[in-house]
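Letter by letter, the sequence shown follows residues 268 to 845 in my numbering. Using N, Cα and C, we set each Cβ at its ideal position, and we do this for glycine too. Given the structure is predicted, the values throughout are model-derived calculations rather than measurements. Report on the following structure.
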Amino acid sequence: HRRVVNSQKCVRAGGKHNDLEDVGRDTYHHTFFEMLGNWSFGDYFKEEACSMAWELLTEVYEIPRDRLYVTYFGGDPSLGLSADEECRDVWLRLGVPASHVLPFPLKDNFWEMGDTGPCGPCTEIHYDHVGGGRNAAALVNQGSHNVVEIWNLVFMQYSREVEGNLLPLPQHHVDTGMGLERLVAVLQNKRSNYDTDLFTPILNAIHKGCKGPRYQGLVGGADVGHVNMAYRVVADHVRTLCICITDGIYPGLSGAELVLRQILRRAVRFCSEVFHAPPGFLASLVPTVIEVLGDAYPELTKNADQIMDIINENEAAFLSSLERGRRIIERTVQQMEPSTSFPTEVAWSLYANLGFPLDLIDLMLEEKGISLDSAAFNELALEDAKRKAGGPQAGQLEDTNTHLDLQSLAQLQRNNIPATDDSPKYAYMLGQHGQYEFSPCWATVLMLYRDQSLQTEVGAGQRCGVILDRTNFYAEQGGQASDQGYMMCLGQQDVLFPVESVHLCGGYVIHEVTAVETLRAGDQVQLFVDEAQRLACMTNHTATHLLNFALRCVLGDSTEQRGSHVTAERLRLDFDTK
268 HRRVVNSQKC VRAGGKHNDL EDVGRDTYHH TFFEMLGNWS FGDYFKEEAC
318 SMAWELLTEV YEIPRDRLYV TYFGGDPSLG LSADEECRDV WLRLGVPASH
368 VLPFPLKDNF WEMGDTGPCG PCTEIHYDHV GGGRNAAALV NQGSHNVVEI
418 WNLVFMQYSR EVEGNLLPLP QHHVDTGMGL ERLVAVLQNK RSNYDTDLFT
468 PILNAIHKGC KGPRYQGLVG GADVGHVNMA YRVVADHVRT LCICITDGIY
518 PGLSGAELVL RQILRRAVRF CSEVFHAPPG FLASLVPTVI EVLGDAYPEL
568 TKNADQIMDI INENEAAFLS SLERGRRIIE RTVQQMEPST SFPTEVAWSL
618 YANLGFPLDL IDLMLEEKGI SLDSAAFNEL ALEDAKRKAG GPQAGQLEDT
668 NTHLDLQSLA QLQRNNIPAT DDSPKYAYML GQHGQYEFSP CWATVLMLYR
718 DQSLQTEVGA GQRCGVILDR TNFYAEQGGQ ASDQGYMMCL GQQDVLFPVE
768 SVHLCGGYVI HEVTAVETLR AGDQVQLFVD EAQRLACMTN HTATHLLNFA
818 LRCVLGDSTE QRGSHVTAER LRLDFDTK
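In structure tokens:
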């Protein structure tokens with residue numbers, strides 16, 4: 268597929284693009300939202316992407332043109348990147364007035380998901396909710412509630428390398444994203460996402476359930492007692508909980524599960540502290556969420572009881588740990604010397620062991636006129652993160668001899684180097700005495716790879732990746748560790764080249780080898796897999812399937828495998844169950 272359109276469930280509450288703390292404070296951020304996208308994989312580029320977006324918004328949806336503003340990347344001299352004038356000129360040719368086409372720096376108009384990988388300039392389309400012939404250019408990207416980005420078109424044209432430099436991608440791609448909630452607000456002529464029919468039924472259910480003042484859409488200082496913020500937080504978070512739990516992510520202690528636990532606890536706090544609602548109130552909103560989203564996501568309807576049970580169980584656990592935490596704070600404060608700050612290790616224990624949100628600890632201490640040494644607390648958090656990441660070797664760069672960079676991959680394809688035929692990895696059979704027999708395999712060296720460049724010769728003692736026309740080695744994939752073994756060059760039967768690991772990259776199988784003698788493209792080699800290691804992996808791989816089957820027998824069909832890791836020494840199976 269060269270051109271794709273999609274709608275996807277997105278949760279932005281952790282990592283680089285993190286909206287959790289903004290949710291509730293304004294009227295347009297969410298933890299869960301539906302992202303509408305269109306994609307080009309080496310097909311159309313800036314001209315077509317911009318004109319299709321403009322046509323959809325102004326001709327199909329009939330959004331007034333004078334309310335739309337577009338931004339483009341204004342360049343960055345420190346990175347040697349000039350302004351994206353090509354994009355600017357496309358918008359001007361489409362008839363967007365020059366006063367509505369605005370340049371912005373790297374922070375706003377250059378899109379990167381991680382520290383490395385594909386990235387590029389983007390162009391965003393913003394909508395002015397006020398209109399009336401005013402020029403709102405000065406409010407674009409300024410955090411205004413009335414001038415909001417609705418669509419981001421990303422032009423993937425660079426690769427950010429490990430060293431931090433940018434290299435042009437061999438092919439250009441387009442990845443766009445438009446938030447359904449923001450689009451619906453425009454089409455229903457509402458200033459806020461929370462005033463659309465995606466949210467009003469949930470807000471009404473909150474009002475009905477807690478009998479407090481109605482939702483009025485107030486923000487900031489006008490929102491006395493944070494009542495309106497609480498409405499937005501609870502409505503947003505209960506949607507997120509329904510979607511995630513249905514997809515098999517449950518509140519837990521690490522990764523995505525930990526983020527979901529924080530979302531649930533944030534919602535519970537607002538229910539109990541602002542709405543003074545009884546336990547079980549949050550789960551009582553689930554049927555309303557299903558009414559709104561169930562047609563689009565029928566799996567929600569099937570899981571209604573499970574969602575409510577999980578929310579109730581986790582709420583009960585949090586409320587009891589809140590009570591415990593309050594008692595710990597009381598006792599610690601009584602034992603403290605006057606005018607000292609709260610012991611950091613006690614605060615850390617509340618946070619790490621009882622799952623207390625940090626802002627809640629601050630709030631409880633503030634009520635008692637006591638402060639927490641945030642710098643010391645952050646230091647403990649940093650130490651903990653380092654320990655969890657596995658000490659100093661964590662975050663090592665991935666091996667530069669086994670992971671083809673994008674330029675080398677493109678070069679192999681340009682030079683018509685064929686992808687590796689790895690079907691010989693299945694060439695084994697059961698021998699007479701019930702043991703597996705593996706056949707050796709002859710192959711030709713097509714190319715060598717070292718320090719992120721393709722080479723035709725590598726000298727003795729150097730580590731490199733070897734690309735062959737065929738192989739019987741199993742590359743690391745599907746959760747199973749790669750084969751090990753050795754290769755021998757034709758006519759050099761006494762020289763073994765040990766194969767340490769094997770990786771698959773863009774169809775090419777790369778064997779990591781330390782060259783004992785000079786190795787050249789064109790050499791004929793014979794490959795020998797370490798049979799004991801392969802057999803141990805096979806046994807453990809079969810055992811993961813048996814374990815998965817056993818878990819389903821014992822725990823029921825709602826048990827889902829979420830991943831596995833198989834090596835010669837051990838197996839690990841990740842699964843979800845109610």
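Less than 8 Å between the beta carbons of residue i and residue j, yes or no?
i, j, result
"residue 574", "residue 525", "no"
"residue 712", "residue 788", "yes"
"residue 591", "residue 621", "yes"
"residue 362", "residue 350", "no"
"residue 577", "residue 517", "yes"
"residue 710", "residue 738", "yes"
"residue 271", "residue 321", "no"
"residue 444", "residue 631", "no"
"residue 769", "residue 742", "yes"
"residue 847", "residue 691", "Given a span of 268 to 845 for the chain in the structure shown, any question on residue 847 remains unanswerable."
"residue 235", "residue 777", "Any property of residue 235 remains undetermined from this structure, which presents the chain solely from 268 to 845."
"residue 503", "residue 297", "yes"
"residue 527", "residue 538", "no"
"residue 748", "residue 785", "no"
Ordered along the chain, which non-local residues of its own chain (more than five positions away) have a Cβ less than 6 Å from that of residue i?
i, result
"residue 806", "none"
"residue 660", "Model confidence at residue 660 stands at a pLDDT of 40, short of 50, so the residue's coordinates are unreliable and nothing is read from them."
"residue 273", "304"
"residue 810", "838"
"residue 803", "835"
"residue 426", "385, 434, 436 and 673"
"residue 667", "718 and 719"
Tell me which residue opens and which closes the alpha helix (DSSP H) that residue i is part of.
i, result
"residue 522", "522-540"
"residue 554", "553-560"
"residue 592", "571-602"
"residue 811", "798-822"
"residue 681", "673-681"
"residue 630", "625-634"
Tell me whether residue i is buried or exposed, calling it buried when 16 or more other Cβ atoms sit within 10 Å of its Cβ.
i, result
"residue 663", "Confidence at residue 663 is low in this model, with a pLDDT of 39, below 50, so its placement is unreliable and no value can be given for it."
"residue 772", "buried"
"residue 703", "exposed"
"residue 658", "Confidence at residue 658 is low in this model, with a pLDDT of 41, below 50, so the placement of that residue is unreliable and no value is reported for it."
"residue 823", "exposed"
"residue 697", "exposed"
"residue 780", "buried"
"residue 766", "buried"
"residue 456", "exposed"
"residue 606", "exposed"
"residue 424", "buried"
"residue 675", "buried"
"residue 801", "buried"
"residue 597", "exposed"
"residue 563", "exposed"
"residue 388", "buried"
"residue 419", "buried"
"residue 751", "buried"
"residue 432", "exposed"
So, for residue i: in the same chain, excluding its five sequence neighbours on each side, which residues have a beta-carbon less than 7 Å away from its beta-carbon?
i, result
"residue 677", "437"
"residue 293", "412 and 486"
"residue 825", "844 and 845"
"residue 454", "328"
"residue 600", "635 and 637"
CB-CB under 8 Å to residue i, same chain, minus the five flanking residues each way: which ones, in chain order?
i, result
"residue 393", "335, 336, 337, 338, 407, 408, 414, 415, 416 and 417"
"residue 582", "531, 535, 546, 547, 549 and 550"
"residue 561", "567 and 568"
"residue 774", "686 and 687"
What is the residue span of the beta strand (DSSP E) that residue i lies within?
i, result
"residue 301", "299-308"
"residue 720", "720-722"
"residue 276", "270-278"
"residue 613", "From DSSP, residue 613 is part of no beta strand (DSSP E) but of the alpha helix (DSSP H) over 611-620."
"residue 320", "Here residue 320 belongs to no beta strand (DSSP E); instead the alpha helix (DSSP H) covers 313-322."
"residue 777", "775-781"
"residue 826", "Neither: residue 826 is in no beta strand (DSSP E) and is coded neither H nor E."
"residue 413", "Premise fails: residue 413 is in no beta strand (DSSP E) and is neither H nor E."
"residue 767", "763-772"
"residue 733", "730-735"
Against chain D, with Cβ distances strictly below 8 Å, would residue i count as a contact?
i, result
"residue 631", "Included in the structure is just one protein chain, with no chain D present."
**Request:** Jot down the residue ranges of each uninterrupted alpha helix (DSSP H) in the segment 449-501, minimum 4 residues, whole runs only, in chain order.
**Result:** 467-477
**Message:** Quick check for students: name the residue ranges of the beta strand (DSSP E) that lie wholly in the segment 352-389, counting only runs of 3 or more.
**Reply:** 368-371 and 377-379
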